[in-house]
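Just so we're aligned, residue 5 is where the sequence shown starts under this note's numbering, counting upward by one.
Read through the structure below, which is laid out as structure tokens, and then see the notes.
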Amino acid sequence: MDKNATFDLLFLLTTLFFLLVFGVFGVLIGNLKDPKLEAAGWFIITSIFIITMMILVAVKTSIFAASQPRS
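What follows is the structure, given as structure tokens:
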């Protein structure tokens, strides 16, 4: 993996991690104080899992395509 790809992957993972932290805090604080904040937290967490699954499918597809012989 080249430097740019490693940096992009690291940036993506840290972004997803901080979004997950914000989502969890939104759920925990929203559970005590404000239902709208809790709903926003669950929305962020659900969005993170959907985005992560899309990334995994794209990576798996690109690895599979790279392993096929060119004709």
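Backbone N, C-alpha and C define an ideal beta-carbon position, used for all residues, glycine too.
Predicted, not measured: the structure shown is a model, and the values here were computed from it.
Supposed close pair residue i, residue j - CB separation, criterion 8 angstroms
i, j, result
"G27", "I67", "Contact flag wrong, Cβ pair sits at about 29 angstroms."
"I49", "L13", "Contact doesn't hold; Cβ gap of about 21 angstroms is too wide."
task = Assess, as a yes-or-no matter, whether the region 28–35 is touched by the region 8–18 under the definition of 3 or more beta carbon pairs within less than 8 angstroms.
result = no
message = If contact is defined by three or more beta carbon pairs under 8 angstroms, each pair taking one atom from either stretch, is the region 57–66 in contact with the region 36–47?
response = no
ask   = Which runs of the alpha helix (DSSP H), 4 residues or longer, sit entirely within the region 5–38?
value = 7–36
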